[in-house]
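So the sequence lines, in the order shown, correspond to chains V and A.
Residue 32 is where the first sequence starts when you use my numbering, and the numbers rise one by one after that.
Residue 12 is where the second sequence starts when you use my numbering, and the numbers rise one by one after that.
All C-beta atoms in this analysis are idealised placements derived from N, C-alpha and C, irrespective of residue type, glycine included.
Computed from a prediction, not measured in an experiment: that's the story for all the values here.
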Amino acid sequence: MREGQNAREERWRRRSDRWAHRVIFVLSLTAIMTIVLIFIFIFREALPILTNPEIQREASLRHFFHPMEGPDLASRYMWQPVALVPKYSLIPLILGTLKTTLVALGIAAPLAIAAALYTSEFAPPRIRELIKPAIELLAGIPSVVLGFFALIVLATWMHRLFGFETRLNAITAGTALALALIPIIYTVSEDALNAVPRSLREASLALGATRWQTATRVVLPAASPGVFASLVLGFGRAVGETMIVLMASGNAAITSWRFTDSVRTLAATIAAELGEVVFGSPHYHVLFFIGALLFVVTFAVNSVGVYIIHRVQLRLRGER
Amino acid sequence: MVKFGTIRETAREPARAPDPQTTPLPVKVQVERFSFYYGDVRVLHEITLGFPRNQVTALIGPSGCGKTTLLRAINRMNDLIPDTRAEGRILLDGENIYDPQVDVVRLRRRVGMVFQRSNPFPKTIFENVAYGLRVNGLVRNRRELQERVEESLRQAALWDEVKDRLHESALALSGGQQQRLCIARALAVRPEVLLLDEPASALDPIATEKIEELIAELKRHYTIIIVTHNMQQAARVSDYTAFLWMGHLVEFNQTEKLFTVPREKLTEDYLTGRFG
């Protein structure tokens, strides 16, 4: 009697365990499949650029990257998709994306890493408990709010401060974008710095090193894989971020090296134009091609980042 | 609790300090009525004892008796733990290291430390030893740096094993080698006192033997204070031994005497394994 009950319980336990396995497997498969399907959809819509001759007459890789006839840089590379003769050069968009990303990372990386170093190495516990959640809260601000702030307030300040020719430009957009990057870079860097064992700090201090020397020569190098990962994540966010740059960059696709010109980024272009594009037109496929391009670039940067992080970790652990 | 009271009494007696007749040696580190608190908890009770120069002194006692806290008080490593407080004085060559004017960074250069778990930096072997020299600006050029690194590695009896792989990661070394590297790293800045916090507790017997031989060798140049939970080790390596129990100094004497004719009943009980 008891034997039978035990066996029944055992069977039930095994069966419920098996079902839990199946449910979790299906759930994770769903998540992965969603991503794969998005991936397939974007690339399918971008494919005609490479395969359909009719589309290619108007928009092909040649149109994207080759210069046209023109007296200066700006007229050789133009993005005018709805002109009488549409021009699809991606160069101004790529350049615009690079410029805002560069400005954003240039501002956010030093600030966020310095803040992380301060909270993990120097701040008294009470101040750390104040700063950490405050910066992390910054991540919760919707990017449309940051964009709005940049458009209405920040742009005016910076315009007055620096006397820009155009109010909305790469520097303004990049500065606003930096606000979105700081919490990402800060959080990941801070975690990495905190993960450095206390014994290393003690070893350094016991040798007569100052706290600053300990922080910069022992803790930061030991945390470098994590800090680098935070920069990779920040880069991905900067390239992909849409709303802030859409609102604060001026959205003029000007091919120039000057950071004080208005810019239009790849992501903002998709957001601004996809809603009104003729379905199935060359312009439509070009926008998907841009999406695929963004996908590939962020994927490549992430992969290279992961590889470098892995190499540095091996070196730190002394396996290479 | 009655026992507790008696300990406190005896701990206050000035006789706890090394008796000039039994220890004619000059004192390098003098601890005077030193107490230490974690928050409101007092973990060291008015400790008074003198560590003789160029000798090895062992601190023994059961877990939680305060031996590591006392050791870490001597280079003010406890300062790093928030919400702690020290009372009394510790004199290094007659100078109170708890004086507010003391530069802690300079103090730690004079009082080196090796930790229980070897903790080499994730850098090369060379850079590990060179670190203290670099941060303290103790060498003028590359050649001098190389000489000091080699000298330190030789002192730590590690040179022959690593001389061909100085620029490989320190983390590729074995546990015993890593600990000797940590000793070399501490020696490189030429401290006057060397604090060892159970330096061999994570090592196998052969590596332990090497560390113990090294300690015997090093005492010619350094004043060594070693915390150990291993009484055989204390008997083997030290000249003097202090027995701590629940934050009180119970007995301090020449190792030979303390181990053969302990003055206190508590010491005897501990040594014979009746508790601890």
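**OP:** Leaving out five residues on either side along the sequence, give the residues of the same chain with a beta carbon under 6 Å from the beta carbon of A/Gln-32.
**Re:** Residue placement at A/Gln-32 is poorly supported in this model, since its pLDDT is 48, which falls under 50; the coordinates are not used for a value here.
Original post:
By the 10 Å Cβ neighbour count, where 16 or more other Cβ atoms means buried, how is V/Arg-42 classified, buried or exposed?
Top reply: exposed
Original post:
Using the C-alpha atoms, what's the distance from V/Leu-136 back to V/Ile-355?
Top reply: Chain V is shown from 32 up to 351; residue 355 of chain V falls before or after that span and cannot be answered.
Original post:
If the cut is a Cβ gap below 8 Å, which residues of chain A does V/Gln-244 touch?
Top reply: Val-146
Original post:
What's the call for V/Tyr-338, buried or exposed, on a 16-neighbour Cβ count within 10 Å?
Top reply: exposed
Original post:
Under a CB-based cut-off of 8 Å, is V/Leu-148 close to chain A?
Top reply: no
**OP:** Using three-state DSSP, classify V/Gln-87 as helix, strand or coil.
**Re:** helix
Original post:
Can a CB atom of chain V be found closer than 8 Å to the CB of A/Gln-32?
Top reply: Reliability of the predicted coordinates at A/Gln-32 is poor, the pLDDT of 48 falling under 50, and the value obtained from them is presented with this limitation in mind. Closer than 8 Å: no.
Subject >> A/Leu-277 to A/Gln-41 span [Cα, whole Å] >> reply: 24 Å
Subject >> Inter-residue CB distance, A/Gln-166 and A/Leu-198 (contact presumed, cutoff 8 Å) >> reply: 5 Å
Original post:
Counting only beta-carbon atoms, is V/Pro-173 nearer than 8 Å to chain A?
Top reply: no
Original post:
Just by C-beta distance, which residues in the segment 142-171 of chain A are closer than 7 Å to chain V?
Top reply: Tyr-142, Gly-143, Val-146, Asn-147
**OP:** Give a yes or no on whether the minimum CB-CB distance between A/Ser-185 and chain V is below 8 Å.
**Re:** no
Original post:
Any Cβ of chain V within less than 8 Å of the Cβ of A/Met-257?
Top reply: no
Subject >> Per DSSP, cross-strand counterpart(s) of A/Glu-288 >> reply: Given that chain A is displayed from residue 12 to residue 287, the structure contains no residue 288 of chain A and the question cannot be resolved.
Original post:
Is V/Leu-161 close to chain A, meaning its C-beta is less than 8 Å from at least one C-beta of that chain?
Top reply: no
Original post:
What residues in the segment 186-215 of chain A have a beta carbon less than 9 Å from any beta carbon of chain V?
Top reply: Cys-193, Arg-196, Ala-197, Ala-199, Val-200, Pro-202, Leu-206
Subject >> V/Phe-326: first and last residue of the uninterrupted alpha helix (DSSP H) it sits in >> reply: 313-348
Subject >> Of the listed residues V/Val-116, V/Ala-246, V/Ile-73, V/Ser-59, nearest to V/Val-317 (C-alpha basis) >> reply: V/Ile-73
Subject >> Residues near V/Gly-281 in its chain [Cβ-Cβ closer than 7 Å; skip 5 each side] >> reply: Thr-197, Leu-199, Asn-200, Ser-293, Val-294
Subject >> Selection of the segment 238-268 of chain V by Cβ proximity to chain A, strictly under 8 Å >> reply: Leu-238, Gly-239, Ala-240, Thr-241, Gln-244, Arg-248, Val-249, Pro-252, Ala-253
Original post:
Based on the DSSP output, what are the partners of A/His-232 in its beta bridges?
Top reply: For A/His-232, which the question treats as bridged, DSSP gives no partner whatsoever.
Original post:
Roughly how many angstroms lie between the CA atoms of A/Asp-110 and A/Gly-61, to the nearest whole one?
Top reply: 18 Å
Subject >> Exposure label - A/Pro-63; buried when at least 16 CB within 10 Å >> reply: buried
Original post:
Using a C-beta to C-beta distance shorter than 9 Å, which residues of chain A count as neighbours of V/Ala-90?
Top reply: Chain A residues near V/Ala-90: none, gap ~51 Å exceeds 9 Å.
Original post:
Residues in the segment 56-90 of chain A with C-beta within 7 Å of chain V's C-beta atoms, listed in sequence order?
Top reply: Asn-86, Met-88
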